[in-house]
Amino acid sequence: MIQTKKETETNELKLQIEKKLVTMENNLHEKNMKFCDTLAYNNKIRHEIECARNERNIYYAIHQKLKDKLIHLNKLKIKLIQQASLTYDQRADAKNKSNALKEKNDKDNIGFETEMKDLQRIIDHNDQLRRFMTIKSDERATGEIAQQQRSLKIQEYESAMNRLQLITGKSDVEQMTRYYKRNEDDNFTMFKYVTELNNQIECLNDNIINIEKTINEYNEEQKVIERQRVNKMTELQAQIKSDKEAANTAENRTIHIHKLLDQIKTEIKQLTIKLGCDLSRITEMLGGDGDQITERNLMLYLNVLEQRVDELLSVKCYSQTKGHSDEMIQENPKITLATNFMETVRTNRDTSLVLPSLQDEDDTNDDENTPTSIRPLSQAEIIGRVTRQLQKLEAKHHPSMNTNKTYSRVSSPNRRLKIRM
845 MIQTKKETET NELKLQIEKK LVTMENNLHE KNMKFCDTLA YNNKIRHEIE CARNERNIYY
905 AIHQKLKDKL IHLNKLKIKL IQQASLTYDQ RADAKNKSNA LKEKNDKDNI GFETEMKDLQ
965 RIIDHNDQLR RFMTIKSDER ATGEIAQQQR SLKIQEYESA MNRLQLITGK SDVEQMTRYY
1025 KRNEDDNFTM FKYVTELNNQ IECLNDNIIN IEKTINEYNE EQKVIERQRV NKMTELQAQI
1085 KSDKEAANTA ENRTIHIHKL LDQIKTEIKQ LTIKLGCDLS RITEMLGGDG DQITERNLML
1145 YLNVLEQRVD ELLSVKCYSQ TKGHSDEMIQ ENPKITLATN FMETVRTNRD TSLVLPSLQD
1205 EDDTNDDENT PTSIRPLSQA EIIGRVTRQL QKLEAKHHPS MNTNKTYSRV SSPNRRLKIR
1265 M
């Protein structure tokens, strides 16, 4: 009778344990799903942060490129301005030279015209005198008239001779002749000089015409260069305007990205404070830089936050298991055996959370013989181990019980709890 009663109580205890175990499995599965969602959200945030970093690097590269291009354009603009200034100076010098040549030509023309008038007046006077003397000699060629004319002519010659003597101061005819020849030579020399001056004036006129043509061509070239420079400056200004607009757009995008990063940092900081994360490792690693979340230590904060979530899930699972065990102990003192086992497991377990890697995890199905310190256990493996330990403990205290009963396992999710037993 007593043996039957014990078997009945044992069966009831098994049923209660099975119910509690199923409840624990369901709760564990639910918490594991929440944990997977949290990891997925963290992965999404990481991806967004990585995209923001890439965009920031691209912006920096574009900004540097635009800066170099702007410097090059400024240098080109300065060079064009210098060339234009030099061209304007050369044009002013050419104008001054042209004006000086024109003034010199005008003066030479005036002097030449004056000398030509004087020489022409002397030539006309000599021609008139020669014609007059010819007419008079023809009229007085015969008779007394001719004699009178000859005497008059002699007198005129004598008077002319006297005048010449007075003028020249020479009484000798040969000396007067030499003086006359010398004057004729001087006049001929002057005539040659005037002729050379005329030739030089003609050459200068030709040079002036050529210079004027060159100046006109140069002015046309300057107009073309000026138009090209204006067009080039217009194109450069349009390019600079477009580059500035692109730079402003990139800068606005960068500001937006920085605001988004600041919001993410604030949310991560609030989560670490609410969850009570241990930030001493980050502070020891980075020193004073670990107090505030920056782009350098953002991944460390995410790792600590993920580690804290793992710890809270583990504590939650254990607390639920502990709460069910206490209820079972109050209902039946025989459940003390399972409670002691859970306490032993909790006391002897060295929980070490592995920081998640930034790379993708490879979900490989390793053999159960793989050491748990190397391979993280899945949900089904943890449940199987706990079930086997319970069966072994029950078999030790109750050898007559059937220990061959198997328990169903829940399929493991894609994400595993990274806990070292």
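In this text, residue positions in the sequence shown follow the working numbering: the first is 845, and each later residue adds one. Don't be surprised by glycine CBs; every beta carbon is placed ideally from N, CA and C.
For residue i, name the three-state secondary structure that DSSP assigns.
i               : result
asparagine 1141 : coil
leucine 1010    : helix
aspartate 1122  : coil
aspartate 971   : helix
glutamine 1136  : coil
aspartate 1016  : coil
glutamate 1212  : At glutamate 1212, the pLDDT of 40 sits below 50, so the modelled position is not reliable; the number obtained from the coordinates is stated separately. If DSSP states are grouped into helix, strand and coil, glutamate 1212 belongs with coil.
arginine 1219   : Below a pLDDT of 50, predicted positions are generally treated as unreliable, and arginine 1219, at 47, falls in that range; the measurement from the model is reported next regardless. The answer is coil: DSSP assigns arginine 1219 none of H, G, I, E or B.
methionine 1265 : In this prediction, methionine 1265 scores a pLDDT of 30, lower than 50, which makes its location untrustworthy; the coordinate-derived value is nonetheless stated afterwards. Looking at methionine 1265 - three-state DSSP - the assignment turns out to be coil, as it is neither helix nor strand.
arginine 1259   : Because arginine 1259 carries a pLDDT of 38, less than 50, the predicted location of this residue cannot be relied on, and the following value inherits that uncertainty. In the structure shown, arginine 1259 sits in coil (DSSP, three-state: anything other than H, G, I, E or B).
threonine 848   : helix
threonine 1247  : With a pLDDT of only 38 at threonine 1247, under the threshold of 50, the placement of this residue in the model should not be trusted, and no figure is reported.
With 16 as the cutoff for other CB atoms within 10 Å, does residue i come out buried or exposed?
i                 : result
glutamine 993     : buried
leucine 872       : buried
leucine 1105      : buried
isoleucine 966    : exposed
threonine 1116    : buried
threonine 852     : exposed
asparagine 943    : exposed
threonine 1195    : Residue placement at threonine 1195 is flagged as unreliable, the pLDDT there being 36, under the threshold of 50; the coordinate-derived value follows with that caveat. When all chains shown are included, threonine 1195 counts as exposed.
tyrosine 1037     : exposed
phenylalanine 976 : exposed
leucine 859       : exposed
arginine 1145     : The residue you asked about is not arginine; residue 1145 is tyrosine in the sequence shown. So tyrosine 1145 ends up on the buried side.
threonine 1270    : The displayed coordinates of the chain run from 845 to 1265. Any statement about residue 1270 would go beyond what the structure contains.
asparagine 855    : exposed
asparagine 1141   : buried
phenylalanine 879 : buried
asparagine 1147   : buried
isoleucine 846    : exposed
asparagine 953    : exposed
leucine 865       : buried
Is there at least one Cβ from chain C nearer than 8 angstroms to residue i's Cβ?
i              : result
glutamate 1028 : Judged by its chain identifiers, the structure shown contains no chain C, having just a single protein chain.
Is the segment 1120–1130 close to the segment 1140–1152, with three or more CB pairs under 8 angstroms?
-> yes
Are at least three pairs of beta-carbons, each pair with one atom in the segment 947–954 and one in the segment 1044–1058, less than 8 angstroms apart?
-> yes
Every unbroken alpha helix (DSSP H) inside the segment 1058–1091 [4 residues or more] = none
Pair every Cβ in the segment 863–878 with every Cβ in the segment 1052–1068, then say whether three or more of these pairs are closer than 8 angstroms.
-> no
Is the segment 912–927 close to the segment 1074–1082, with three or more CB pairs under 8 angstroms?
-> yes
How about the segment 899–918 and the segment 1064–1073: do they share at least three Cβ pairs that are nearer than 8 angstroms?
-> no
Please confirm if the segment 877–885 is in contact with the segment 1083–1100, defined as three or more CB-CB distances below 8 angstroms between the two stretches.
-> no
Is it a yes or a no for the segment 1091–1108 touching the segment 964–979, going by three-plus beta-carbon pairs under 8 angstroms?
-> no
The segment 923–934 / the segment 1027–1046 touching (three or more Cβ pairs under 8 angstroms) | no
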